[in-house]
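S.K.: Using the working numbering, the letters of the sequence shown map in sequence onto residues 8 to 323.
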Amino acid sequence: TAHATEEEAEEEARNILEIYRTFAEEYMAMPVIPGYKTEKEKFAGAVRTYTIEAMMQDRRALQAGTSHNLGQNFARAFDVTYQDENGEQQYVWATSWGVSTRLIGALIMTHSDDQGLVLPPRLAPLQVVVVPIWRGDEEMERLKEAARKLTRGWEGVVTFKIDDRENYRPGWKFNEWETRGVPIRVELGPRDLENNQAVLVRRDTGEKISVSQEGILEEIQNLLEDIQRNLFERARRYRDEHTFVVDDYDEFKQKIEEPGGFFKIHWCGSRECEDRLQEETKATIRCIPFDQEKEEGRCLLCGKPSHGRVIAAKAY
C-alpha cells in the first residue's frame, strides 16, 4: 500500500499484522507471538518488520506472517510519488505484507497426530461425517434413510457428508475420515435407532459421546466450538510448556538441542552477538515481543546490559 504520511503507513502495517494474528489464533487455532524483527532479520529495505511466530510440534519456530513498514525507501528507489494538496509531488510512504501457503504446513504441523490430519472446525471444509452402520441389506436401507432423516435441516448450518458407501466396512470409513481430519464423526447403528440416539466422536480427543437425536444439531454446533477452543488451548499449552527463561549460555546451548523450544533470553542488541548465536547454535532471534516487559539483565552472549528479553529458537 502507499500512503501520504508515515503515521498512516505505520498504522496499516500494524493493522495487517493484527489481521494475521486474528486469523492464526481464531481460525487456525494456532497461538502466535507478535513482535518486531531485529535489524538482521527484518525485510531488506524496510524501516521495520513485524512478525507473528508460531511453535510447531517439533518445537521449532515458524514465521507465520510478516508486515513491513517500508518508509520511503522503495518510493525513492523507484520514484513513486503522489500529488499533495498543494499540487507538489511527494514520495509515498509504503507498506508490504503477506502470508503464504506455509500456513497450510503450519496448520498440519500444529495440530495433526499419528492418525493423520486434525483440522480446526472453522477451517475444515467438511465439519461432520455421518457413518450409518449396518449388517445386512434390510438394515442398510433403514440406516441410510435414518441418516438422511437425521441430517435434515443441517444445510447451511454445518458442512456434512453421509458416508453410505456400500463397498467399505465401517472401520475403514472411520480410519479414512480420521486421516482426513474431519472434526466430528457421527456413528449411527441399529441400536442407536432403537434408543433414538447417535454417537458423536471427536477427532481432537477421540472421545465418544452418546446424544439424543432430538437436538443433535445444537449438540454438534456446541461441540465444534469446543473443539476449536480445545485445539487452540492445547497448542498454547504445548508452546508454554516448551518456553524457557534462560540466563546461562551453556544451558541454552544444551537445551536448544534437546528439548528445543522457545527461549526468552537477554540480548544486548548487537549484530555481533546475534550472528554468534546463529553460528554457534543454529538458533535465531525470532522476534522482540510487543508485550516485552522492561527487565534489566545481561546479554546471554557478551554480558553487556540488556533491557528486556527476546525470543530465540531454531526455525524453519
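Quick reminder that beta carbons are idealized off the backbone N, C-alpha and C, glycines included. Treat the numbers as computed from the prediction; the structure is a model and nothing was measured.
1) Looking at the unbroken beta strand (DSSP E) that takes in asparagine 76, where does it start and where does it end?
2) Can you tell me whether histidine 10 is helix, strand or coil according to DSSP?
3) Report the three-state DSSP secondary structure of cysteine 294 (helix, strand or coil).
4) Expressed to the nearest angstrom, what Euclidean distance is found between the alpha-carbon atoms of tyrosine 245 and aspartate 86?
5) Beta-carbon separation of histidine 118 and methionine 37 under 9 Å?
6) Check this for me: beta carbons of threonine 102 and threonine 8, under 9 Å apart or not?
7) Assuming proline 127 and leucine 224 form a contact by the criterion Cβ under 8 Å, report the distance between their Cβ atoms to the nearest whole angstrom.
8) So for leucine 207, helix, strand or coil by DSSP?
9) Mind checking who alanine 53 pairs with in its DSSP beta bridge?
10) Reducing DSSP to helix, strand and coil, say where glutamate 15 ends up.
11) Can you tell me whether DSSP reads tryptophan 100 as helix, strand or coil?
12) Measure the alpha-carbon distance for arginine 67 versus phenylalanine 270 and round it to whole angstroms.
13) What's the C-alpha gap between glutamine 299 and leucine 114?
14) Which of the three DSSP states, helix, strand or coil, is assigned to isoleucine 263?
15) Based on DSSP bridge pairs, tell me the residues matched to arginine 305.
16) Suppose contacts are defined by Cβ-Cβ distances below 9 Å. Is arginine 149 in contact with leucine 200 by that definition?
M.R.: With the given structure in hand:
1) 68-78
2) strand
3) strand
4) 48 Å
5) yes
6) It is a contact, given that the beta carbons lie within the stated cut-off.
7) Their Cβ separation, rounded to whole angstroms, is 20 Å, which puts proline 127 and leucine 224 out of contact at 8 Å.
8) strand
9) Looking at the DSSP output, alanine 53 shares a beta bridge with no other residue.
10) helix
11) In the structure shown, tryptophan 100 sits in a strand (DSSP, three-state: E or B).
12) 11 Å
13) So the alpha carbons of these two residues sit roughly 26 Å apart.
14) If DSSP states are grouped into helix, strand and coil, isoleucine 263 belongs with coil.
15) Pro312
16) yes
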